[in-house]
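Working notes, beginning with the structure itself.
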Amino acid sequence: MLFFYLISLPLTMGMVILTLKYFSSPDVPNYVLFTVGYTWFCSFSIIILVPADIWAAIFGNYSGGISFFWSLTYWSTFLLTWVVVPTIQGYEDAGDFTVVERLKTSLHENLVYYLCVGSIGLVGLILFIIFSKNWSGDILGFAMACSNTFGLVTGAFLLGFGLSEIPKGIWKNVDWTFRHKVLSNKVAKMAVKLDDAHQEFSSAIVVAQVTSNQIMNHDPLRPYMNIIDNMLYQMLKEDPSFKPQGGRFGENDMDYNTDHKSMAMLRRRLRIAREEYCRYRSEYSSFVLEALELEDTVRNYERRNITGCLPKIHFKTLQEIRSKYQARTNRVHMALCCKKATRETLSNNSGMYIGCNSFSRSYHTARWC
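With numbering that gives the first Met the number 0 applied, the sequence shown covers 0 to 368.
Laid out in structure tokens, this is it:
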């Protein structure tokens with residue numbers, strides 16, 4: 000088992016680190032990264048604990064170490080799921096100006112959510128007891144049965160998705176025509192979302208500027224507004240290419256200068272609008288670059304006799320039917336072979352597509368659909 004631990008432990012840590020680097024934003028605080036990393040490590044630790052537990056049961060090598068790690072993983076996951084992670088999430092999402100106020104907002108929102116969920120569960124339990132004729136068990140046993148049922152159903156769903164949908168998606172994406180249609184649809188939808196996010200961010204900026212002009216220097220809310228102004232200045236400084244355009248006022252956009260709670264709501268709105276805009280812009284650029292790469296790969300494949308990527312392959316009708324899998328495999332190898340020519344073309348043509356976020360929706364729909 001020592002050899003297994005030497006392989007599984009670095010593998011689990013590597014999965015956690017790669018997942019954090021892939022999904023995390025550049026401006027995420029370190030304590031959030033540590034909390035999320037430890038949470039994922041507790042979830043991924045089943046890769047280590049299950050084989051070790053089976054090995055101990057087969058060979059009769061019972062010790063308190065495995066039980067301790069099972070208890071540590073269980074209670075860590077329980078506390079992180081219901082207490083720590085929701086509190087940190089609400090704390091980071093709050094727009095208040097002090098640590099205490101942000102904690103109060105987070106605890107209040109989570110308490111309201113848990114009360115709503117608990118009320119629904121309590122009503123369901125009461126109805127179950129009322130309509131159950133042969134009720135002879137206790138509440139603890141019923142709760143354990145519900146918990147195990149939820150775990151089994153969720154596990155079966157995730158296994159079915161991993162064993163069916165993911166391989167099917169990989170198989171379909173090998174077809175260049177199908178993948179191009181998927182990317183065209185994604186680019187068109189993401190262009191609409193990016194346009195909406197750009198408009199919302201512009202509206203939040205306009206509202207913040209108008210609110211700042213309404214608050215005088217001697218106003219008690221001026222220190223809070225100065226914090227929002229500095230945050231807005233830092234946002235525009237980090238992204239000088241962003242130009243506010245199409246900002247609109249809503250019915251309640253002029254009511255942010257009433258108290259510090261309304262100022263916190265304005266700060267929260269501005270930060271959420273900026274995060275959504277950056278996320279949609281990143282996804283849009285990623286889809287556009289992938290579509291460009293696919294188009295250039297197809298173009299290089301069609302000119303393979305000139306570029307010398309691969310010799311031309313001839314198939315007869317029956318051979319095409321029998322070797323469908325082999326044909327798709329060859330496409331993957333051709334894509335890898337044409338990678339160099341594709342990247343050279345991308346370096347010359349990608350710039351004019353990245354800046355397309357200011358184009359109209361009709362252009363994106365006509366260009367990619």
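From the three backbone atoms N, C-alpha and C, an ideal C-beta is built for every residue, glycine too. Fair warning: this is a prediction, and the values are worked out from it, not measured in the lab.
Is residue j closer than 8 Å to residue i when the C-beta atoms are compared?
i              : j                 : result
arginine 266   : isoleucine 214    : no
methionine 189 : phenylalanine 58  : no
methionine 264 : glycine 94        : yes
tyrosine 279   : lysine 192        : yes
isoleucine 65  : serine 7          : no
valine 15      : phenylalanine 33  : no
leucine 231    : alanine 207       : yes
leucine 102    : threonine 38      : no
tyrosine 276   : phenylalanine 200 : yes
histidine 259  : leucine 220       : yes
serine 202     : arginine 247      : yes
glutamate 100  : valine 31         : no
alanine 56     : valine 186        : no
tryptophan 170 : leucine 293       : no
methionine 234 : arginine 273      : yes
Have a look at residue i and residue j and give me their C-alpha separation to the nearest angstrom.
i                : j                : result
leucine 126      : isoleucine 138   : 13 Å
isoleucine 204   : phenylalanine 96 : 19 Å
tyrosine 283     : histidine 179    : 15 Å
proline 50       : glycine 140      : 28 Å
glycine 13       : tyrosine 21      : 12 Å
threonine 86     : leucine 182      : 37 Å
phenylalanine 3  : threonine 11     : 12 Å
glycine 36       : valine 27        : 13 Å
leucine 121      : asparagine 172   : 46 Å
alanine 142      : tyrosine 300     : 59 Å
serine 70        : aspartate 52     : 13 Å
asparagine 212   : threonine 257    : 14 Å
threonine 104    : valine 98        : 10 Å
isoleucine 129   : serine 146       : 21 Å
tyrosine 61      : serine 163       : 37 Å
threonine 18     : phenylalanine 40 : 11 Å
phenylalanine 67 : leucine 157      : 27 Å
glutamine 244    : threonine 296    : 36 Å
Assign residue i to one of three DSSP states: helix, strand, or coil.
i              : result
methionine 12  : helix
glycine 94     : coil
histidine 259  : helix
isoleucine 214 : coil
leucine 317    : Residue placement at leucine 317 is flagged as unreliable, the pLDDT there being 35, under the threshold of 50; the coordinate-derived value follows with that caveat. Reduced to three states, the DSSP call for leucine 317 is helix.
glutamine 244  : coil
leucine 78     : helix
methionine 224 : helix
proline 166    : helix
serine 131     : coil
methionine 253 : coil
proline 85     : helix
aspartate 26   : coil
aspartate 238  : coil
aspartate 295  : helix
aspartate 194  : helix
proline 50     : helix
asparagine 60  : coil
arginine 101   : helix
valine 122     : helix
- Message: Quick check: the segment 68-75 against the segment 98-109, are at least 3 beta-carbon pairs closer than 8 Å?
- Response: Counting C-beta pairs with one atom in each stretch, the segment 98-109 and the segment 68-75 have fewer than three that are closer than 8 Å, which means they do not touch.
- Answer yes if the segment 207-226 comes into contact with the segment 286-306, meaning at least three C-beta pairs across the two stretches below 8 Å, and no otherwise. No, the segment 286-306 does not touch the segment 207-226.
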